[in-house]
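Accompanying notes for the structure given below.
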Amino acid sequence: GANLDKSNTDRLLDLLNNIHSNVGLPKTGRELWERAGIKFTFKTNIYCSICNRQLTKFADKCNCLHGNQNMNTELILFSIPDEIRRVVKLNFNLIEFFADYRHEFMYDITNGDIYKSNEKKNSITLLLGTDGKPTFRSSSSSMWPVFCTIAEIPPPVREYQRNVMLFALYHSTKSPTAEMLFGNIVKTIKRLQTSGLLINLGKKDEYQSLFKNAFRDQIISK
Numbered sequence: 081g082a083n084l085d086k087s088n089t090d091r092l093l094d095l096l097n098n099i100h101s102n103v104g105l106p107k108t109g110r111e112l113w114e115r116a117g118i119k120f121t122f123k124t125n126i127y128c129s130i131c132n133r134q135l136t137k138f139a140d141k142c143n144c145l146h147g148n149q150n151m152n153t154e155l156i157l158f159s160i161p162d163e164i165r166r167v168v169k170l171n172f173n174l175i176e177f178f179a180d181y182r183h184e185f186m187y188d189i190t191n192g193d194i195y196k197s198n199e200k201k202n203s204i205t206l207l208l209g210t211d212g213k214p215t216f217r218s219s220s221s222s223m224w225p226v227f228c229t230i231a232e233i234p235p236p237v238r239e240y241q242r243n244v245m246l247f248a249l250y251h252s253t254k255s256p257t258a259e260m261l262f263g264n265i266v267k268t269i270k271r272l273q274t275s276g277l278l279i280n281l282g283k284k285d286e287y288q289s290l291f292k293n294a295f296r297d298q299i300i301s302k
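In C-alpha cells form, the structure reads like this:
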C-alpha cells in the first residue's frame, strides 16, 4: 500500500528534490497530482537506526539503548511493477529493435556469456545499482537511492533519465547494509519471476506479453 497522505507525500518530494535538484520536480503534493498522468506509488518503512527494529511512525522512539537519541531510518520503496511497465511501454519499439541488433553492440552486457546462457523469450533483465556513496548528505544524515535499468534497452538510451527507475530511497544517520538496501527489492523481483508481469501495450495487441519466469536481477555497484 502507499502512504499517500499530504505530509508523507510532501516529505517524499522533499527527499526526491534533494537528489534531482535540477529536474523540476514538483515541490508539493498538490503540484504532483496536478501533473497529468503521474502515478506515484510508494511505501515508507521506518526503522530504529541503532538496532534496525521496524517502527510504525517516523516520530516513534525505540526502547533499545540510545534508541531515543538518534533520528530513525526511512526506507521508501516504490512500485517495481509500475516502474517496469512504464519503462517497457515507453521503449517497446527499441526493445524489439535491439533484440535483432545486439550483436552490433559487442561490448554490451547483452553479449556476455552469463546473459546469453540465461536468455529467454520476453526476458527482462534488471540491472540494480547504487552509486556506492550517498547522493545527499547533511550534517546529521545521508540518503542513498537504488536505481535500476533494463538491459534489453540499447545503450545509451537505457541510461537516459526517463528510463532509469527509482526503486528505493534510504535516509538515515548511518550507512545502509546491502540487505537493507536490496532485500525488499530482491524479494519483489523473485515474486515477479514466479507470477509474471502483464504489460498492456495498447494498440499492439499482438505484442501484449506476459513476462513470466523471465526476470533476472543483477546487482551492480556503479
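Just so we're on the same page, our numbering is the position in the sequence shown counted from 1, plus 80.
C-beta: ideal position from N, C-alpha, C; glycine also.
Cβ pair residue i, residue j closer than 9 Å
| i | j | result |
| --- | --- | --- |
| Leu-272 | Ile-233 | no |
| Thr-153 | Ser-252 | yes |
| Thr-229 | Met-245 | yes |
| Ile-279 | Ile-164 | yes |
| Ile-189 | Leu-277 | no |
| Leu-207 | Ala-231 | yes |
| Asn-171 | Arg-182 | no |
Residue i (DSSP reduced to helix, strand or coil)
| i | result |
| --- | --- |
| Pro-161 | helix |
| Lys-267 | helix |
| Tyr-250 | strand |
| Lys-292 | With a pLDDT of only 43 at Lys-292, under 50, the local geometry of the prediction cannot be trusted, and the value read off the model is given with reservation. Lys-292 falls in the coil class under three-state DSSP. |
| Met-260 | helix |
| Ala-116 | Residue placement at Ala-116 is flagged as unreliable, the pLDDT there being 36, under the threshold of 50; the coordinate-derived value follows with that caveat. Looking at Ala-116 - three-state DSSP - the assignment turns out to be coil, as it is neither helix nor strand. |
Spatially closest choice to residue i from the options, by CA coordinates
| i | options | result |
| --- | --- | --- |
| Thr-124 | Arg-166, Ile-156, Asn-191, Asp-211 | Ile-156 |
| Ile-129 | Asn-148, Arg-242, Phe-262 | According to the sequence shown, residue 129 is Ser rather than Ile. Out of Asn-148, Arg-242, Phe-262, Asn-148 has the C-alpha closest to the C-alpha of Ser-129. |
| Ser-159 | Thr-121, Lys-137, Glu-176, Tyr-127 | Thr-121 |
| Asp-211 | Glu-199, Asn-198, Ile-204, Phe-227 | Phe-227 |
| Lys-200 | Met-186, Ala-179, Asn-143 | Ala-179 |
| Ser-255 | Tyr-240, Trp-224, Phe-262 | Trp-224 |
| Phe-247 | Phe-138, Asp-193, Asp-162 | Asp-162 |
| Glu-239 | Phe-262, Val-167, Tyr-250 | Val-167 |
| Phe-177 | Ala-258, Gly-263, Pro-235 | Pro-235 |
| Met-151 | Leu-145, Gly-263, Ala-139 | Ala-139 |
For residue i: DSSP bridge partner residues
| i | result |
| --- | --- |
| Tyr-127 | Gln-134, Thr-153 |
| Met-245 | Cys-228 |
| Ala-122 | A small correction: the amino acid at residue 122 is Phe; Ala does not occupy that position in the sequence shown. Phe-158, per the DSSP bridge assignment. |
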